[in-house]
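Engineer: Protein chains in written order, with full-length UniProt numbering: chain F, 1 to 720; chain Z, 1 to 720.
Number of protein chains: 2
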Amino acid sequence: MQSVYPFLGVDWGGNTFVGSAVPFGMVKLGPDMESFDSQPSKFGYMSGGRILGFSHLHLSGAAGKYGNILVAPVTGPLDLTDIKSPRTDETNRPGYYAAKLTRYNVRAELTSTRRVGIHRYTFPSSDESHLTLNIAHCLNKGTGTESQRFLGGELHVLSNYDVEGVGRYAGGWNKGGEYKIYFYMVLDTPASSTQTWSGDTLSPATDASIDGDHPIGAAFNFHTRTGQIVQAKVGISFISTQQARENVQQETPAWGFDQVRRSSVSMWDQALSKIQLHGEADSKRIQFYTAMYHTMLMPSDRTEENPNWQSTEPYYDDYYAIWDTFRSSGPLLTLIAPNRQRDLIRSLIDIYRHTGYMPDARSGNDNGRTQGGSNADVVVADAYVKGLTGIDYRTAFEAMLKDASVPPANAQKEGRGGILDYNAKGYVTLADERSGSRTVEYAYDDYAIAEVACGLNRPAEAKLFAARAHNWENLWDKDLAVEGFKGFLRPRNPNGSWATPNMLVRGTWPDFFYEGDLWTYSLYAPQDVRKLIALAGGNETFVHRLDNIFYKQHFDVTNEPGFLIPLLYDWAGRPDKTAEVVNALLEKAFTDQRSGIPGNDDSGAMSSWFIFQSLGFYPNAGQDMYLIGTPSFPEADITLSSGKVLHLIAHNMDSEHINRYIQSATLNGIPLDRAWFRHSQIAEGGTLVFTMGSAPTGWGKTVPPPSLSDPAAPLCSAAQ
Amino acid sequence: MQSVYPFLGVDWGGNTFVGSAVPFGMVKLGPDMESFDSQPSKFGYMSGGRILGFSHLHLSGAAGKYGNILVAPVTGPLDLTDIKSPRTDETNRPGYYAAKLTRYNVRAELTSTRRVGIHRYTFPSSDESHLTLNIAHCLNKGTGTESQRFLGGELHVLSNYDVEGVGRYAGGWNKGGEYKIYFYMVLDTPASSTQTWSGDTLSPATDASIDGDHPIGAAFNFHTRTGQIVQAKVGISFISTQQARENVQQETPAWGFDQVRRSSVSMWDQALSKIQLHGEADSKRIQFYTAMYHTMLMPSDRTEENPNWQSTEPYYDDYYAIWDTFRSSGPLLTLIAPNRQRDLIRSLIDIYRHTGYMPDARSGNDNGRTQGGSNADVVVADAYVKGLTGIDYRTAFEAMLKDASVPPANAQKEGRGGILDYNAKGYVTLADERSGSRTVEYAYDDYAIAEVACGLNRPAEAKLFAARAHNWENLWDKDLAVEGFKGFLRPRNPNGSWATPNMLVRGTWPDFFYEGDLWTYSLYAPQDVRKLIALAGGNETFVHRLDNIFYKQHFDVTNEPGFLIPLLYDWAGRPDKTAEVVNALLEKAFTDQRSGIPGNDDSGAMSSWFIFQSLGFYPNAGQDMYLIGTPSFPEADITLSSGKVLHLIAHNMDSEHINRYIQSATLNGIPLDRAWFRHSQIAEGGTLVFTMGSAPTGWGKTVPPPSLSDPAAPLCSAAQ
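#1: Give the residues of chain Z in contact with residue 694 of chain F, contact being defined as C-beta atoms less than 9 Å apart.
#2: DSSP three-state call for residue 210 of chain Z: helix, strand or coil?
#3: Is there a Cβ from chain Z that is less than 7 Å from the Cβ of residue 508 of chain F?
#4: DSSP state of residue 131 of chain F, grouped into three classes?
#5: In this structure, how does DSSP classify residue 461 of chain F when only helix, strand and coil are distinguished?
#6: Run the CB neighbour count on residue 34 of chain F, radius 10 Å, all protein chains shown included, and call it buried at 16 or more, exposed below.
#7: Suppose the cutoff is 7 Å on Cβ atoms and the five residues either side in sequence are ignored; what does the same chain contact list for residue 436 of chain Z look like?
#8: Residue 593 of chain F versus chain Z: which residues are under 7 Å apart at the beta carbon?
#9: So, using beta-carbon positions, are residue 319 of chain F and residue 362 of chain F closer together than 7 Å?
#10: Any idea which residues DSSP pairs residue 671 of chain F with across the strands?
#11: Buried or exposed: residue 201 of chain Z, going by 16 or more other Cβ atoms within 10 Å of its Cβ?
#12: Secondary structure at residue 498 of chain F, three-state DSSP: helix, strand or coil?
#13: Less than 7 Å between CB atoms is the rule here; does residue 556 of chain F satisfy it with respect to chain Z?
#14: Please report the residue range of the beta strand (DSSP E) in which residue 74 of chain Z lies.
#15: Given a cut-off of 7 Å, decide if residue 244 of chain F and residue 184 of chain F are closer than it, judged by their beta-carbon atoms.
#16: Please check if any C-beta of chain F sits within less than 7 Å of the C-beta of residue 505 of chain Z.
#17: Answer with buried or exposed for residue 549 of chain F, where buried requires no fewer than 16 other C-beta atoms within 10 angstroms of its C-beta.
#18: If you compare alpha carbons, which of F/235, F/419, F/71 and F/190 is closest to residue 228 of chain F?
#19: Name the chain Z residues whose beta carbon is nearer than 7 Å to that of residue 580 of chain F?
#20: Consult DSSP for residue 10 of chain F and reduce its assignment to one of helix, strand or coil.
#21: Does the Cβ-Cβ distance between residue 377 of chain Z and residue 449 of chain Z come in under 7 Å?
#22: So is residue 609 of chain Z in contact with chain F if we call contact Cβ pairs under 7 Å?
#23: What does the alpha-carbon distance come out to for the pair residue 644 of chain F and residue 684 of chain F?
#24: Who are residue 630 of chain Z's beta bridge partners in DSSP?
#25: Could one say the Cβ of residue 571 of chain F lies closer than 7 Å to chain Z's Cβ atoms, at least one of them?
#26: Give a yes or no on whether the minimum CB-CB distance between residue 472 of chain Z and chain F is below 7 Å.
#27: Three-state secondary structure (DSSP) at residue 728 of chain F?
#28: The beta strand (DSSP E) spanning residue 721 of chain Z covers which residue range?
#29: Would a check of beta-carbon distances place residue 658 of chain F closer than 7 Å to chain Z?
#30: What are the boundary residues of the beta strand (DSSP E) that residue 339 of chain Z is part of?
#31: Under 7 Å, do residue 721 of chain F and residue 707 of chain F count as touching if we go by C-beta distance?
#32: Between the stretch 660 to 673 of chain Z and chain F, which residues of the former have CB atoms less than 7 Å from a CB of the latter, in chain order?
#33: What are the residues of the stretch 478 to 491 of chain F that lie near chain Z, defined by any Cβ-Cβ distance shorter than 8 Å?
#34: Which residues share a DSSP beta bridge with residue 115 of chain Z?
#35: Quick one: which chain A residues come within Cβ less than 8 Å of residue 98 of chain F?
#36: So which of F/215, F/109, F/79 and F/80 has the shortest CA-CA distance to residue 88 of chain F?
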């Protein structure tokens, strides 16, 4: 995919992965860099700095986990405390990474399969060439609550061309427990000698082991001639060294670096070809396909690599976090990769079976950290209302009911914190952290439960949770006024009284909201925007309030809680303003540069927002509904399941996107005068045609999208 | 200049001018658009909306003034209440604008000289073609304190091919008094009939006049055949209709649209060719030359068009505002267009002679609105210490002394508000608005006065104002702690006691700072960063504080008060961090798109920041000093006055700018191991060579830039 530029988003906090991986691959093999002040970068890669080596597990758009099993070539005397090099001629393509390590005059190339990293190093002429393996290295080491810890490990040099072992690690952003990484590394070139270290000194011993965070590793030493290539295959497993060795034998039996690269590229070609653009500018194409690439790096497919239980179900890890991805990544996969989304949901259900909860976040085989609600409920509902089959929805429903009723032992790990208060009083109180964002998210999660309950013919639960879907209104203080607008969320004390504003903390209350402010969370009611508008004073006031949010920069494009806000104009009869705002955000916040993502990509969440908005429509996750914004491409073909195609056509599109306003639209030849449509209307494919113009018109203003409190909208869209 | 893209910055609040103008031209002829909700856009142009017509005076990167003498073609019945059209095929180049008005099927083309707008309209076949002239139109009409008002006007149709008249206007952002725009419009095609209106109805009368904000205008009616061209020349004057007519005769005697366009283009070519880039990417070249274009639209050259006094000095208006431009626009002109900067300063001095003050802002021939300090003092000092000749520095010094000693009758209009307190107590108190930003700016303005005093051999004033240059320290509360950092500006009550924090207002005090926050203004001491670092706890703490400002997004790249902050790392021995931050800002905040400027361009202030930072160095305005950041181009040649050339070379530059860290540098062949240099070192031209690399080194860390409290730095750099 020449259109994919993996460096897009590495700067400006996008934190996207750089290296080689197959789609959703377990192994993400890439460089770890030394950051300022000589610490390893928390994220692995950074644009400026020196390369410490190449490790096999990474996240994308997420911080401070993994970076395990570091391989680094060295020439000259081997100083264990000083292995690092500036680099030049750096390249990254899907399934391929290369750079020249200038200090060592070694060219490094990487490719990978799902569970194996392939290294190809081209050495200079040197009597002291080394290939080092470092088990003690991992990202974001330290003593902070989000830091990783190296607990110890062991390795065994089996011959002068292979070595196996294990490293034990814990912690990281999700505060997870211990996880073990087994490895088997085999070289295509016998070394002239081997060494190991446990502690600070090199020894000729073939075995090494260490407890606690002390150095441990191995070195394979060579006399190399100019241009001599040394290759290594590194099998990774969460099960055993034996499994790591079998992964190498299964996935890369031969020594074919280029063949592995080609098969990795073809996997990407297949995955990315689900959406075909026509007539787009180069920079837009690069942005778009790179965004698709970024949405397909995580979660990690760990099927057959689950150390905690045996199962025939798919197993995925690195849900990081569903709170980030449920809004747009999930709906994107449901649309263009339903089989993948099915496997992900089956994996979530299987995790529920064995850990008791569908996680809100999970990494290193451990649930945590929960951000807000139990948003896996929305993921299930989104698949359900869109007719995704092959999922045990009854067990999923069980899991959803548990989310909604059973207080978790550790609310940071899984489940819903403050659920007893919420169920008893209709809101989370200041006795629990994040009581504002939790309350509104729980209310939406409950709406999702009601949808599935209805579809599964569970009328009692349908009624109960449809009622709870109104709970966000219980924290709405109609008299709270800010910047001339009335009606905002306000915390309640455990006794139910309104909390007194404590403006000292980020203009709001400590811990009332998670990663969002009063403006953002007060408008979070995706299930009932009609009611929200009524509470906020009606369409005109609501539109002014949205204008104020964008003009005064209360809108935060760098984080997920506000993802739906630009679309809220559609409910208020101003799709032209949605078009204006979305166009500005796409143009300003996203570019084709290294800084091209405005905030942490959060395993592709930001990228999937960009993808939908660029196509011209955006999902209201968990509902059978897409909101129309403004298309960026003259033409796009989206391949749905089983080869059905949705053709998108935008007539009168200009290169500068002056014609950003929809003048008229048709869906399958029938005039579409609403700024939204249902998934069921395009599930079998079809043709959606927009005619664009440079000035707003009356299009799409008459029939607003559905809302819970809309008498015309039945409770469960899935039932229609 | 094919590399100039005038639409860059029109979106996302850049508010750059779209239309035709010569460098610093008085006439800026461009479209005025209807915005959302059917109001004329405050800024004239906007990407989305309908064109109301083409008016002759505009600002760039500034709001709500002018938009006078609107010419609009119409076909079909003439409805005075509904003259507007969507447009397509829009083009803008320096000195040329064109668009097709789709509703009327008329192609409009504009070009201009300094005081004359040239219109070329290509009509369809129609018995009802009209060219309308609207005097009552102006931008940002309304009753707000920053609104413009149309006070009335008159016009006289002299024949079926020409008309003259005057419009009277007042207000706008600078709250200025009445200004009169005289015009003379002549057509190349006699009309079949003419009409006028004063009020709502069309009449055959040839004269019309109106008092107050009521419609007034004229229409020239034609029977046109397909493709028939009607041209108009519109002379503008602030003196008289006679002068407007003479401007047409002097500047465009013949009917040569293309010739006028060519001469306008050649003026731009000459102005922009002062900096030649080599080896840059297309998008960077477009960004760079468009930025140069944007720095040369304002102030407006009104020489011979000053209605208020006779003078042989140059006369410029639309200083809008010097508070925005003194930081980088002024130093840029001093570097590449010293004659222009000389004329601007002579104009400021002449304005002082006749109005009593050098303005901080001025528009519509009226001083105001003052933003902060009397920063014209810095403009004068910048020219003085850089050896700009041909300026009456003794009179300028008089003006500076008056700024620093005489309370203005209206502090919003000119001079220094709160100056008596400041001089008596050493700081402005909460009794005056903006006491924090004013105090620190006054202190820097006083440093500028001290520099000139020293050069003019006025030792008493030099001593006095060098002492006052320390006054910013009087508002430094060493115990005020925010986010773990100690020492911030804090307001003092009139009795000298510290004000109690009132965190309800934007995390600080009401009116304490102007357009900036506690983080930004607490670091504003360009004259004495060494002392600032000492007060903030030393280099290491200061570096962490700067990191915190950028990581936590306390830095506001969209406004001028923080312009110097990325460079402050240089004083703390971390030019590598300056490089990292500047690189990220250049990559992220600036693009080659319509949204390519992060905030209001403020008559080119943002653009000039971009220009310097892209070249790799940035001025500390008012001082004989440039700070080194990181160059963006492999090679650039800057033509200084009298043909001297400064060659900039960056070795080992890569297209993605990975090699953003300076490894070593030479100036005229001599190693330069400091992250700064003096204007005097390059004033005669020379060669500055950087060698770049992908990782930070020790370069430039040893000798920090000069500071007032540096014993090694003499008081007046100009004296060296």
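A virtual CB, placed ideally from N, CA and C, is assigned to each residue, including glycine.
Structural biologist: Taking the geometry as given:
#1: 47, 48, 49, 50, 86, 87, 88, 90 and 102
#2: strand
#3: Only weak support exists for where residue 508 of chain F lies, its pLDDT of 45 falling under 50; the value from the coordinates is given anyway. No, because no Cβ of chain Z sits closer than 7 Å to the Cβ of residue 508 of chain F.
#4: strand
#5: helix
#6: buried
#7: 475, 489, 491, 512, 513 and 521
#8: 587
#9: yes
#10: F/666
#11: Result: exposed.
#12: strand
#13: no
#14: Looking at the DSSP string, the run of the beta strand (DSSP E) that includes residue 74 of chain Z is 70 to 75.
#15: yes
#16: Reliability fails at residue 505 of chain Z, whose pLDDT of 39 lies under 50, so the model's placement of it is uncertain and no value is given.
#17: Buried, because 16 or more other Cβ atoms sit within 10 Å of the Cβ of residue 549 of chain F.
#18: F/190
#19: In chain order: 48.
#20: coil
#21: yes
#22: No, residue 609 of chain Z lies away from the interface with chain F (no Cβ there is under 7 Å from its Cβ).
#23: The C-alpha of residue 644 of chain F lies about 6 Å from the C-alpha of residue 684 of chain F.
#24: DSSP, once it has assigned bridges, lists no residue as partnering residue 630 of chain Z.
#25: no
#26: no
#27: Within the shown structure, residues of chain F are numbered from 1 to 720, placing residue 728 of chain F beyond reach of any answer.
#28: Absent from the structure is residue 721 of chain Z, since the part of chain Z shown begins at 1 and ends at 720.
#29: yes
#30: Run containing residue 339 of chain Z: none in the beta strand (DSSP E); it sits in the alpha helix (DSSP H), 338 to 355.
#31: This structure does not reach residue 721 of chain F, given that chain F is present from 1 up to 720, and the question cannot be answered.
#32: 660 and 661
#33: Per Cβ criterion, the list is empty.
#34: Answer by DSSP bridge pairing: none, since residue 115 of chain Z is not bridged.
#35: Judged by its chain identifiers, the structure shown contains no chain A, and its protein chains are F and Z.
#36: F/109
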